[in-house]
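Engineer: Chains X and B, in that order, are what the protein sequence lines are. For reference, each letter of the first sequence is one residue, going 1 to 370 in the numbering used here. For reference, each letter of the second sequence is one residue, going 371 to 740 in the numbering used here. Just so it is clear, CB atoms sit at the ideal spot from N, CA and C, and this is done for glycine as well.
Number of protein chains: 2
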Amino acid sequence: MSFLDTLPTPCLVLDLPTLKRNIARMASAIARHPGVTLRPHMKTAKNVQVAALAAPGGGAITVSTLAEARTFATHGFRDQIYAVGIVPAKFAAVAALNLQGAQVKVITDDLDVARAIAAFPGPLPTLIEVDVGEGRAGVAPDDPLLLEIAAALGPRFAGLMSHSGHSYAGRSIAAMADLAEQERVTLLDAAARLRAAGIAVNILSAGASPTALYAKNLDGITEMRAGVYMMGDLLQAQLATHPLADIAVTVLASVIGRYPARGAVLIDAGALALSKDRSTEAAPRDWRFGRVLDREGNPTLGDAMVTRVHQEHGEVRAAEGVTLPLDRLPVGARVRVAPNHVCLTAAAHDRYHVVENGALVAVWPRINYW
Amino acid sequence: MSFLDTLPTPCLVLDLPTLKRNIARMASAIARHPGVTLRPHMKTAKNVQVAALAAPGGGAITVSTLAEARTFATHGFRDQIYAVGIVPAKFAAVAALNLQGAQVKVITDDLDVARAIAAFPGPLPTLIEVDVGEGRAGVAPDDPLLLEIAAALGPRFAGLMSHSGHSYAGRSIAAMADLAEQERVTLLDAAARLRAAGIAVNILSAGASPTALYAKNLDGITEMRAGVYMMGDLLQAQLATHPLADIAVTVLASVIGRYPARGAVLIDAGALALSKDRSTEAAPRDWRFGRVLDREGNPTLGDAMVTRVHQEHGEVRAAEGVTLPLDRLPVGARVRVAPNHVCLTAAAHDRYHVVENGALVAVWPRINYW
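1) Tell me which same chain residues have a C-beta within less than 6 Å of the C-beta of Asp131(X), skipping the five on either side of it?
2) My guess is that Leu194(X) and Gly220(X) are in contact by the Cβ rule of under 8 Å, so how many angstroms apart are they, rounded?
3) What does the alpha-carbon distance come out to for the pair Ile173(X) and Glu682(B)?
4) I want to verify the contact list: residues of chain B whose CB lies under 7 Å from the CB of Ser254(X), in sequence order.
5) Flag Trp740(B) as yes if its beta-carbon sits less than 8 Å from any beta-carbon of chain X, otherwise no.
6) For Lys413(B), collect the residues of the same chain with a Cβ closer than 6 Å to its Cβ; drop the 5 residues on either side in sequence, then sort them by chain order.
7) Quick one: Cα of Ser209(X) to Cα of Leu179(X), how far?
8) Check for me: the alpha helix (DSSP H) holding Asp112(X) runs from which residue to which?
9) Is it true that the segment 708-720 of chain B meets the segment 632-648 of chain B, where meeting means three or more beta-carbon pairs spaced less than 8 Å apart?
10) Please decide whether Gly312(X) counts as near chain B, where near means a Cβ-Cβ distance under 8 Å.
11) Relative to the C-alpha of Leu516(B), which candidate in Ala561(B), Trp740(B) and Pro495(B) has its C-alpha closest?
12) Under the DSSP definition of a beta bridge, which residues are partnered with Asp15(X)?
13) Classify Tyr452(B) as helix, strand or coil using the three-state DSSP reduction.
14) Could one say the Cβ of Gly602(B) lies closer than 8 Å to chain X's Cβ atoms, at least one of them?
15) Mind checking the segment 159-189 of chain X against chain B and listing, in chain order, the residues whose C-beta falls within less than 8 Å of any C-beta there?
16) Please state if the CB of Ile367(X) and the CB of Asn47(X) are separated by a distance shorter than 8 Å.
17) Hey, does Leu324(X) have any beta-carbon neighbour from chain B nearer than 8 Å?
18) Our contact map puts Ala333(X) next to Gly290(X) with C-beta atoms below 8 Å; I'd like the distance itself, whole angstroms only.
19) Mind checking the segment 660-686 of chain B against chain X and listing, in chain order, the residues whose C-beta falls within less than 9 Å of any C-beta there?
20) Locate the alpha helix (DSSP H) running through Ile173(X), then write down its first and last residues.
21) Going along the chain, which residues of its own chain have a beta-carbon closer than 6 Å to the beta-carbon of Gly492(B), five neighbours each way excluded?
22) The segment 615-646 of chain B: which residues have C-beta closer than 9 Å to a C-beta of chain X, in chain order?
23) From the DSSP output, read off the bridge partner residues of Pro40(X).
24) Ile149(X) by DSSP, collapsed to three states: which one?
25) Straight-line CA distance for His33(X) to Asp603(B)?
26) For Arg506(B), would you say it is in contact with chain X, using Cβ-to-Cβ distances shorter than 8 Å as the test?
27) Take every Cβ of the segment 374-385 of chain B, pair it with every Cβ of the segment 611-627 of chain B, and state whether three or more of those distances are shorter than 8 Å.
28) Could you tell me which whole alpha helix (DSSP H) segments of length 4 or greater appear in the segment 282-357 of chain X?
29) Does any residue of chain X have a CB that is nearer than 8 Å to the CB of Thr435(B)?
30) For a contact defined as C-beta to C-beta under 7 Å, what are the partners of His40(X) on chain B?
31) For the alpha helix (DSSP H) containing Thr441(B), list its first residue and its last residue.
32) Please check the pair Leu324(X) and Ala264(X), which I expect to be a contact at CB under 8 Å, by giving their CB distance rounded to whole angstroms.
33) Quick check on the DSSP output: the alpha helix (DSSP H) that includes Gln49(X) runs from which residue to which?
34) What does the Cβ neighbour count give for Pro125(X), buried or exposed, with the cut at 16 atoms within 10 Å?
35) With a floor of 4 residues, list each alpha helix (DSSP H) that falls wholly inside the segment 207-278 of chain X, ordered by position along the chain.
36) Compare the C-alpha of Arg678(B) against each of Arg665(B), Trp657(B), Ala489(B) and Val692(B) and name the closest.
Right, here's the structure in full:
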């Protein structure tokens with residue numbers, strides 16, 4: 001009997017060779033740009049063992065929560081960017097890590113916060129976030145605020161960062177390369193304004209997985225941040241950032257009910273185990289709440305997908321015009337669900353069951369919550 | 371300074387008087403029906419202290435995961451229904467609890483599973499799930515399978531259960547009462563067929579929060595299951611199951627960026643802290659990813675809502691035609707987000723910060739994962 005039949009379901013399965021392949025692909029993409037380093041974003045994996053592969057030797061990383069910052073610092077990943085706008089109530093937690101030997105950099109786009117950082121007694125190196133077109137956070141590169149914030153930060157100003165999150169709307173390698181170039185030019189323009197005012201800009205941190213993979217020219221950028229590339233998902237596979245076979249994380253689930261009259265089965269992976277993310281809704285192929293693969297992770301189930309979710313129930317049907325092979329799906333049978341958006345699906349679970357060549361080789365915990 | 375300014379954000383806040391009011395309302399709704407007991411569903415709260423209020427004295431409860439079953443059994447809640455279709459791989463875990471003194475009942479609608487239950491050496495009392503119109507799981511009441519499954523279960527057959535999940539699509543008290551009556555009649559019809567075949571049907575378990583609250587007649591039903599009523603959310607408030615003021619759970623968040631040019635702020639509660647549930651999408655009032663209230667939980671912010679989420683970012687804007695009071699929302703300011711669907715939002719967090727009369731009175735852990 002395979003361990004795939006005995007793991008408690010629902011649970012996360014992480015294919016180690018796929019993870020390593022994804023990490024190697026990004027590493028060589030970045031290696032094409034001399035002087036540019038990769039600062040992997042650990043918000044997707046949230047795991048120390050994955051960080052050791054993506055940022056070998058305690059390399060520079062990006063984090064999205066204080067919980068990640070603390071755990072990764074404890075495990076030797078000292079050079080971090082905490083890439084969510086900082087608030088004064090979180091200063092002390094970051095400064096405490098820095099007083100213990102970490103170099104956690106925070107980010108802001110707010111003048112009042114910059115002044116509070118300058119006045120704070122503990123070490124808080126700070127990047128200013130620049131909006132390069134995503135329209136989420138950041139100062140516009142031509143906004144006078146940019147110079148005011150840098151001046152307010154004084155010696156705590158450590159550089160500029162941007163997030164090209166809008167690159168996930170790209171649908172071709174050329175579109176992603178264009179967005180990467182737009183981000184580069186915008187960030188360099190902001191840096192030029194600061195440098196003209198006599199302010200040194202040491203870090204120029206850009207990125208998102210699509211732009212990190214497909215940028216043609218990163219001259220002037222010092223580092224790229226990217227995270228989802230390690231794991232992959234059904235949206236990424238349609239952005240051409242990786243093939244379908246390079247989705248490293250799936251949810252193992254059990255069939256809990258079989259309904260021949262409507263050509264459906266229920267599985268024990270529902271809204272909690274998969275998330276309600278519908279990232280593929282606007283993609284060329286909409287996989288509803290996830291694509292359903294067989295126990296081994298192969299697409300042999302008639303393009304099956306999770307069509308509906310309740311808290312602990314997922315309804316599985318085949319794609320239109322295809323029949324679900326119900327004879328292979330008795331109650332108790334195991335299937336794997338490839339996620340729409342791996343960051344959200346992985347976050348529903350507390351551990352990875354790590355698989356290599358058909359064997360369970362490790363269980364790795366995730367750093368969930370805040 | 372209020373504890374609401376010092377709790378780490380994002381985090382869950384549970385208003386204890388509101389919780390108690392919601393629990394009391396359901397208890398009196400059920401008390402109108404002699405012979406019917408309430409078996410609270412703990413899948414929303416997933417917490418022992420809440421169970422002690424909803425099912426006092428270690429009363430009967432419903433659970434949705436083995437993790438819940440184990441923890442509640444350990445804390446004296448012995449009479450449980452594990453209300454997700456059982457699979458053979460989970461038999462041993464349930465039987466182990468029952469051998470330690472619990473009475474955890476499982477559910478199925480599958481003949482092969484029923485046979486496996488009958489052949490299993492440990493104690494597995496089983497309810498057959500009947501489809502009363504939801505179209506998710508369950509045997510149709512007139513399907514010959516019903517008698518076959520009951521016969522296969524033999525002495526392990528403990529009764530019938532159904533879920534009127536489609537009652538959440540109801541928009542009036544009359545509609546919910548009608549669905550409750552339809553569920554009652556369907557379940558009694560199924561029981562009559564079994565009884566005519568000489569099979570005793572001791573438990574007739576029905577429910578969902580809307581039908582439990584508004585059923586007019588529950589004659590013949592032995593118990594009602596309901597869970598979300600304890601906590602409340604923006605969808606429930608529009609189903610007339612409770613007023614807006616009876617949402618007991620909110621997410622406390624901090625403003626992390628302010629963007630006057632687009633009349634928006636960012637908060638540190640995004641897709642992970644709120645979930646991507648969009649239950650209000652089809653409701654009369656669509657609150658996108660949640661309604662934004664002030665620090666005290668009052669709706670004084672111009673009908674603000676979370677319009678967009680990224681993993682750790684939520685974008686807050688006012689309703690159309692209304693202006694967000696940006697002067698009251700500097701970076702660091704605290705707000706509360708009322709959830710679209712509390713089951714999903716609460717599941718993103720590992721604990722409740724319990725508040726009573728403006729004071730933090732306890733921190734209660736949740737039983738997350740499986």
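Structural biologist: Let me spell this out:
1) Sequence index remark: in the first sequence, residue 131(X) carries index 131 (1-based). For Asp131(X), where only same-chain residues beyond five positions count, the Cβ hits under 6 Å are Gly138 and Ala140.
2) Translated into the one-based positions of the first sequence, residue 194(X) becomes position 194. Translated into the one-based positions of the first sequence, residue 220(X) becomes position 220. Their Cβ separation, rounded to whole angstroms, is 13 Å, which puts Leu194(X) and Gly220(X) out of contact at 8 Å.
3) On the first sequence, residue 173(X) is found 173 positions in, with the first residue counted as 1. On the second sequence, residue 682(B) is found 312 positions in, with the first residue counted as 1. Taking the Cα positions, Ile173(X) is about 27 Å away from Glu682(B).
4) Along the first sequence, one-based indexing puts residue 254(X) at 254. The contacting residues are Val457 and Ala459.
5) Your numbering for residue 740(B) matches position 370 in the second sequence. Any Cβ of chain X closer than 8 Å to the Cβ of Trp740(B) would place that residue at the interface, and such an atom is present.
6) Residue numbering aside, residue 413(B) sits at position 43 when the second sequence is read from its first letter. Excluding its 5 nearest sequence neighbours in each direction, Lys413(B) has C-beta neighbours in its own chain below 6 Å: Ser434 and Gly597, listed in chain order.
7) Indexing the first sequence from 1 puts residue 209(X) at position 209. Indexing the first sequence from 1 puts residue 179(X) at position 179. The alpha-carbon of Ser209(X) is positioned some 12 Å away from that of Leu179(X).
8) For the purposes of this step, residue 112(X) is taken as residue 112 along the first sequence, with counting starting at 1. Asp112(X) -> alpha helix (DSSP H) spans Leu111 to Ala119.
9) Segments in contact, yes.
10) Sequence index remark: in the first sequence, residue 312(X) carries index 312 (1-based). In the sequence as displayed, the identity of residue 312(X) is Glu instead of Gly. Taking Cβ atoms only, chain B reaches closer than 8 Å to Glu312(X), which makes this a yes.
11) As a first step, residue 516(B) is located in the second sequence; it is residue number 146 there, counting from the start. Comparing Cα-Cα distances from Leu516(B) to each of Ala561(B), Trp740(B) and Pro495(B), the minimum goes to Ala561(B).
12) By one-based count along the first sequence, residue 15(X) stands at place 15. As computed with DSSP, Asp15(X) is found in a beta bridge with Val355(X).
13) For the purposes of this step, residue 452(B) is taken as residue 82 along the second sequence, with counting starting at 1. The answer is strand: DSSP assigns Tyr452(B) an E or B state.
14) Position 232 of the second sequence, counted from the first residue, corresponds to residue 602(B). With a threshold of 8 Å between beta carbons, Gly602(B) makes no contact with chain X.
15) Residues of the segment 159-189 of chain X with a C-beta less than 8 Å from any C-beta of chain B: Gly165, listed in chain order.
16) Your numbering for residue 47(X) matches position 47 in the first sequence. Your numbering for residue 367(X) matches position 367 in the first sequence. Yes; because the gap between Cβ atoms is below 8 Å, this pair is in contact.
17) Counted from its first residue, the first sequence places residue 324(X) at position 324. Taking Cβ atoms only, chain B never reaches closer than 8 Å to Leu324(X), which makes this a no.
18) As a first step, residue 333(X) is located in the first sequence; it is residue number 333 there, counting from the start. As a first step, residue 290(X) is located in the first sequence; it is residue number 290 there, counting from the start. Wrong, their Cβ atoms sit about 17 Å apart, outside the cutoff.
19) Hits within the stretch, in order: Arg678, His680, Gln681, Glu682, His683 and Glu685.
20) Working through the first sequence from its first residue, we reach residue 173(X) at position 173. Run containing Ile173(X): Ile173 to Ala196, per the alpha helix (DSSP H) assignment.
21) Within the second sequence, residue 492(B) is the residue found at index 122, counting from 1. Ala465.
22) Here the close residues are Ser624, Val625, Ile626, Gly627, Arg628, Tyr629, Ala631, Arg632, Leu636, Asp638, Gly640, Ala641, Leu642, Ala643, Ser645 and Lys646.
23) The count along the first sequence starts at 1 and reaches residue 40(X) at position 40. Note: Pro40(X) sits in a beta bridge opposite Ala226(X).
24) One-based indexing of the first sequence puts residue 149(X) at position 149. Helix.
25) Here residue 33(X) corresponds to residue number 33 of the first sequence, with the count starting at 1. Here residue 603(B) corresponds to residue number 233 of the second sequence, with the count starting at 1. Those two C-alpha atoms are separated by around 50 Å.
26) Counting from 1 along the second sequence, the entry for residue 506(B) is found at position 136. The beta carbon of Arg506(B) sits closer than 8 Å to some beta carbon of chain X.
27) In short, these stretches touch, since the Cβ pair count reaches three.
28) Counting whole runs of 4 or more residues, the segment 282-357 of chain X contains the alpha helix (DSSP H) stretches 342-346.
29) Along the second sequence, read from residue 1 onward, the residue named residue 435(B) stands at position 65. With 8 Å as the cut-off, Thr435(B) counts as an interface residue toward chain X.
30) Position 40 of the first sequence holds residue 40(X). Residue identity differs from the one stated: residue 40(X) is Pro in this sequence, not His. In chain B, no part has a C-beta under 7 Å from the C-beta of Pro40(X); the shortest such distance is about 15 Å.
31) Along the second sequence, read from residue 1 onward, the residue named residue 441(B) stands at position 71. Note, Thr441(B): alpha helix (DSSP H), Leu436 to Thr444.
32) Translated into positions along the first sequence, residue 324(X) becomes position 324. Translated into positions along the first sequence, residue 264(X) becomes position 264. Rounded, the Cβ-Cβ distance is 7 Å, consistent with contact.
33) Taking the first residue of the first sequence as 1, we reach residue 49(X) at position 49. Counting along the chain, the alpha helix (DSSP H) containing Gln49(X) begins and ends at Val48 to Ala54.
34) Taking the first residue of the first sequence as position 1, residue 125(X) is located at position 125. Taking all protein chains in view, the Cβ of Pro125(X) is crowded by 16 or more other Cβ atoms within 10 Å, so the residue is classified as buried.
35) List check, alpha helix (DSSP H) in window: 209-214, 234-238 and 271-274.
36) The count along the second sequence starts at 1 and reaches residue 678(B) at position 308. For the set Arg665(B), Trp657(B), Ala489(B) and Val692(B), the Cα lying nearest the Cα of Arg678(B) is the one of Trp657(B).
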